[in-house]
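Step one of this worksheet: look at the structure below.
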Amino acid sequence: MKKVLVPLLLITFLLIFSLPGQSRILIPLDDALEFNNHQEYAGLLWNTEELITVQKLSLEVNRPGKLLAIMPLTSPPTDTYQNEDVIYKSQENFIARRRGMTLPEYFYEDRADFSTMDKQKSEIVEFENQEQIKEFLEELLTEAGLDDIEVNELDISKLTDYYQKNYSWFHFSILEITGSDLPAVNIESWRTVSKQLFYPLVTGNNPDRFLTVIMEDPLPDFQTYGWQDFSFYIPPQITPPVTLAGIHPGLLDFYPGRGVHTHYWELAATDTDGENDLLVGGRSIRDLLKLLRK
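So, in structure tokens, the structure goes:
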């Protein structure tokens, strides 16, 4: 019925895609559990062949409880890097190179106190047909001792919609929030094969999104949202190898011998229709050099 990978050993990579709101599909496993002031800090690293996505989910809740977090993926994920420090190092790099530019206020804010979400169960699954989705959800909840929970058809339809868009891989995590005094945080990351920069936005919520993206192309090809949709942006900045190594040495392997560009985009909730995912294309450094030589 399904192919299940060993839960990822997650370490961190970079990029911030700091996003108040969820771009994972979040399903409360308690009817009384409410999300308040949910935020997500995420990062996208793309080298035109592979995509690394880092997400830091932060939720304020009205009471302790459990939730199911689901991420659609472009391919089976491999090990990646996870460390919250890279998010802040990226911000520090923007600050050091701001040259009179206005930067978001949260770049300068101290890290807030938080509690950690406990991961009760984690599975990466490939579905062979969409009928398997509901069956798997019921099986997952039963194995977690939550067989009294019934996932509604609206939540199932969010998954089938992604399946119909050729995203057949999903990461399922059952997370437990044990307190409600501090924001609860969960960090995940995935490295997948992807010929375009992809981030799911059609998840049943439409929050403000603050994106920092590292890619080779300074003028990416926006296939859905574009410059005209951004409520704030920082022009792309060249990020040399020495800077990449200072953020995380593993980035030199991901962008071997290449200069890359760091982008910052904001998408306010009022700027998007919630009907399209973020899809962006771009050229590799080799293609860009060929253009310069013409």
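Okay, so the sequence shown: first residue is 40 according to my numbering, each after it adds one. Here a beta-carbon is modelled for each residue, glycine too, at the ideal position from N, C-alpha and C. Just so it is clear, the structure is predicted and the values come from calculations on it, not from any experiment.
Just to check my reading of the structure: D260 and G321 have Cβ atoms closer than 8 Å, yes? What is that Cβ distance to the nearest angstrom?
6 Å
Output yes if chain D places a C-beta closer than 7 Å to the C-beta of E88; else output no.
No chain D appears in this structure, which consists of one protein chain only.
Evaluate D256 with the Cβ neighbour count: other Cβ atoms within 10 Å of its Cβ, from every protein chain shown; 16 or more gives buried, anything less gives exposed.
buried
How do the region 132 to 139 and the region 200 to 216 stand: do at least 3 beta-carbon pairs fall below 8 Å, yes or no?
no
Cut-off 8 Å between Cβ atoms - residues of its own chain near N315, not counting five sequence neighbours on either side
L240, V241, T263 and Y264
CB-CB under 8 Å to T113, same chain, minus the five flanking residues each way: which ones, in chain order?
L90, Y206, W208, T231, V232, S233 and F237
Can you list, in chain order, the residues of its chain with a C-beta nearer than 6 Å to that of H210? Leave out the 5 residues immediately preceding and following it.
M110 and I163
State the beta-bridge partners of T251 as determined by DSSP.
Y303
If you drop the 5 nearest sequence neighbours on each side, which residues of the same chain put their C-beta closer than 7 Å to that of D69?
G104 and K105
Closest to L185 by C-alpha separation, out of L176, G218 and L193, would be which residue?
L176
Taking all protein chains shown into account, decide if P274 is buried (16 or more other Cβ within 10 angstroms of its Cβ) or exposed.
exposed
Spatial neighbours of Q276 in its chain, beta-carbon cut-off 7 Å, leaving aside the 5 residues before and after:
R136, H300 and T301
Classify R248 as buried or exposed, calling it buried when 16 or more other Cβ atoms lie within 10 Å of its own Cβ.
buried
To the nearest angstrom, how far is the alpha carbon of I324 from that of G285?
21 Å
For D149, name the three-state secondary structure that DSSP assigns.
coil
Under the three-state reduction of DSSP, which class applies to I195: helix, strand or coil?
helix
Excluding the 5 residues flanking P279 on each side, which residues of the same chain have their C-beta closer than 7 Å to its C-beta?
G298
Kindly indicate which three-state DSSP category Q78 falls into: helix, strand or coil?
strand
Can you tell me which of the three DSSP states G60 falls into?
Below a pLDDT of 50, predicted positions are generally treated as unreliable, and G60, at 40, falls in that range; the measurement from the model is reported next regardless. It is coil, neither helix nor strand.
Check this for me: beta carbons of V252 and L83, under 7 Å apart or not?
yes
Distance check for I64 and K197, CA to CA, integer angstroms please.
8 Å
Please report how far the alpha carbon of P143 lies from the alpha carbon of T181, in whole angstroms.
44 Å
Under 8 Å by Cβ, that's how I've got P115 and E165 pegged, so tell me the actual separation to the nearest angstrom.
7 Å
Reducing DSSP to helix, strand and coil, say where E167 ends up.
coil
T92 to L328 span [Cα, whole Å]
27 Å
In three-state DSSP terms, what is K158?
strand
Which one of N101, S97 and L193 has the shortest CA to CA distance from D152?
S97
For I188, name the three-state secondary structure that DSSP assigns.
coil
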